[in-house]
Every structure is written in structure tokens, then in C-alpha cells.
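Worksheet: one structure, shown below.
Numbering (UniProt numbering), first residue to last: 1 to 97.
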């Protein structure tokens, strides 16, 4: 298990930031929030209470930077935890043979 939800969240945020239409941005923000941020979300990412609160506040008026703090926290978590575990995994070693 390599925290797939973290990678999916990061990719969703990158896609969100490229959205030009305010209507589409609001739709995507709601989807990302419901899928990854809200408590008991199906793919809830592990962010601290402060980051969650800031993100929720940012979503009152969605902008390209609404998820930046959460995305940075998740990237740091993946860099520190998920990537090293993946590189040590049997799956990875099979891939590089």
C-alpha cells in the first residue's frame, strides 16, 4: 500500500489548478473536497486540522490556489513516506529487473 489516495489527490489538484472556468473550478473543488478532504471521505487524505480548516476556508471562494497548502503537505508526506516504501518494495524491484 503506497497511499494511492495521496497521489490521486495531488493529480486532482494539478488538474484543478489548470481550470479556467469559475463554474468548472467550483465543481471540481466540491468534488475534490468530498472525495479527499472531508471527514470520512472515500479517499480521505491525512492532513492536519489546521490545513483542513485553511482549505475549507479557501473553498468559500474557489481559486487556483485553494488546495495549495493541502497539496504541499501531501507532497511532503509522499516524498518522506510513500516514495521510500515504494522503492523498497518487491513490486518496484520486479519493475526494474
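Idealized CB from N, CA, C, for every residue including glycine.
Since the structure is predicted, the reported quantities are computational estimates derived from the model, not experimental observations.
| query | result |
| --- | --- |
| Coarse secondary structure for residue 46, derived from DSSP in three states | coil |
| For residue 63, three-class secondary structure by DSSP | coil |
| Check whether residue 59 and residue 66 have beta carbons under 8 Å apart | yes |
| Neighbourhood of residue 73 by C-beta distance below 6 Å, restricted to the same chain and skipping five residues each side | 47, 51 |
| Coarse secondary structure for residue 1, derived from DSSP in three states | In this prediction, residue 1 scores a pLDDT of 47, lower than 50, which makes its location untrustworthy; the coordinate-derived value is nonetheless stated afterwards. Here residue 1 sits in coil by DSSP. |
| Helix, strand or coil at residue 41 according to DSSP, with G and I counted as helix | coil |
| Cβ separation of residue 45 and residue 5, assumed to be a contact under 8 Å, to the nearest whole Å | 6 Å |
| Runs of alpha helix (DSSP H) wholly within the stretch 3–30 (minimum 4 residues, chain order) | 4–17 |
| Sufficient close CB pairs (3 or more, under 8 Å) joining the stretch 5–19 to the stretch 30–45 | yes |
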